[in-house]
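A.B. asks: Pasting a structure here, questions to come.
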Amino acid sequence: MKSYSTIQREVDRFLGKHWREVFEVWWSCVEDVGRSLEEAVSLGLGGGSPTMILYDAGARSGMQVYRWLSNSLKLGARSVKEKTLYTDAFFTRSGMARGVEFLKEGGRNILRYKGGTIFARKRGVVGRRVCHYTAGFIAGATRLITGKEYIVEEVRCFSNGEKDCDFWVKPFGLTAGA
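Add 1 to a position in the sequence shown, counting from 1, and you land on the number used in my numbering.
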């Protein structure tokens, strides 16, 4: 397996050659969020909460971006660990994430965005968690990386006065107390 620094260099070369495609993929995610919000408004939110609308849009975006990344970098036959390293390098090197850490906390798998997600940093401290789209994005991408369903819950948020944004990545069906 390649070292993380080798993967980063490979991703840097890819980003240099394919920056326009990368921009278009990110832009399609923004458009998808817009469509989701337009649909929700036209349906009077259809019984769903704004939080779930953003989470669902994020999950679709996470799957879309990972599918594109996997096809572009030919990640299909690689191990889950390699797919995760390539995905982390892509998000870090493209500027969509910084200082991402994977940790265990009381038996929970936590994905930490050091200093907060881009959304939380832009919003500032507003007294609540705001990273519903990011939580969904993580769930969608993780589903395709691992082939398993996950629910992602933001348990700490920069916008709620925390130092970082932490996401609990839990297998689908795991109860909240587990």
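Ideal placement from N, C-alpha and C gives every residue a C-beta, glycine not left out.
When the distance is taken between beta carbons, is Gly141 closer than 8 Å to Met64?
C.D. replies: As a working note, residue 64 is residue 63 in the sequence shown. As a working note, residue 141 is residue 140 in the sequence shown. Going by C-beta atoms, Met64 is nearer than 8 Å to Gly141.
A.B. asks: So the candidates are Tyr87, Ala136 and Glu32; which of them puts its Cα closest to the Cα of Val170?
C.D. replies: Numbered from 1 along the sequence shown, position 169 holds the residue referred to as residue 170. Among Tyr87, Ala136 and Glu32, the Cα nearest to that of Val170 is on Ala136.
A.B. asks: In the stretch 81-156, which residue ranges form an unbroken alpha helix (DSSP H) of at least 4 residues, counting only runs that do not cross its ends?
C.D. replies: You should have 81-94, 119-124 and 133-147.
A.B. asks: Express the C-alpha separation of Val34 and Gly59 in angstroms, rounding to a whole number.
C.D. replies: Numbered from its first residue, the sequence shown carries residue 59 at position 58. Numbered from its first residue, the sequence shown carries residue 34 at position 33. Approximately 8 Å, taken between the alpha carbons.
A.B. asks: Quick check: the Cα distance between Ser1 and Ile139, rounded to an integer number of angstroms?
C.D. replies: Only positions 2 to 179 of the chain appear in the structure, and residue 1 is not among them; the question remains open.
A.B. asks: Could you check which residue in Lys3, Thr88, Leu55 and Phe173 has the C-alpha nearest to that of Arg68?
C.D. replies: Residue 68 sits at position 67 when you count from the first residue of the sequence shown. The option with the nearest alpha carbon to Arg68 is Thr88.
A.B. asks: For Lys18, does the three-state DSSP call read helix, strand or coil?
C.D. replies: Working through the sequence shown from its first residue, we reach residue 18 at position 17. Here Lys18 sits in helix by DSSP.
A.B. asks: Between the Cα of Met2 and the Cα atoms of Ala78, Ser73 and Val127, which residue gives the shortest distance?
C.D. replies: Position 1 of the sequence shown, counted from the start, is the residue given in the question as residue 2. It is Ala78.
A.B. asks: Apply the 10 Å Cβ neighbour rule to Glu13 and answer buried if 16 or more other Cβ atoms are within range, or exposed otherwise.
C.D. replies: Start at 1 with the first residue of the sequence shown, and residue 13 comes out as number 12. The sequence given here places Asp at residue 13; Glu does not occur at that position. Per the 10 Å Cβ criterion, exposed.
A.B. asks: How is Phe173 classed by DSSP in three states: helix, strand or coil?
C.D. replies: For the purposes of this step, residue 173 is taken as the residue at position 172 of the sequence shown. In the structure shown, Phe173 sits in coil (DSSP, three-state: anything other than H, G, I, E or B).
A.B. asks: Cys166 to Ile152, Cα distance in whole Å?
C.D. replies: Within the sequence shown, residue 166 is the residue found at index 165, counting from 1. Within the sequence shown, residue 152 is the residue found at index 151, counting from 1. Cα to Cα, Cys166 sits roughly 16 Å from Ile152.
A.B. asks: Between Ser95 and the rest of its own chain, which residues show a CB-CB distance below 7 Å, the 5 nearest in sequence each way excluded?
C.D. replies: Here residue 95 refers to the residue found at position 94 when the sequence shown is read from its first residue. Contacts found: Leu16 and Val23.
A.B. asks: Just to confirm my understanding: we take Arg129, look at its own chain, exclude 5 residues before and 5 after, and list those with CB closer than 7 Å. What are they?
C.D. replies: Position 128 of the sequence shown, counting from 1, holds the residue named residue 129. Cβ neighbours of Arg129 beyond the five flanking positions: Ser160 and Asn161.
A.B. asks: Just mark Lys84 as buried or exposed, buried being the case when its beta carbon has 16 or more other beta carbons within 10 Å.
C.D. replies: By 1-based counting over the sequence shown, the position of residue 84 is 83. Lys84 comes out buried.
A.B. asks: Helix, strand or coil for Asp13? Go by DSSP, reduced to three states.
C.D. replies: For the purposes of this step, residue 13 is taken as residue 12 along the sequence shown, with counting starting at 1. Of the three classes helix, strand and coil, the one that applies to Asp13 here is helix, per DSSP.
A.B. asks: Suppose contacts are defined by Cβ-Cβ distances below 8 Å. Is Val81 in contact with Thr7 by that definition?
C.D. replies: As a working mapping, residue 81 is identified with position 80 in the sequence shown. As a working mapping, residue 7 is identified with position 6 in the sequence shown. No. Outside cutoff.
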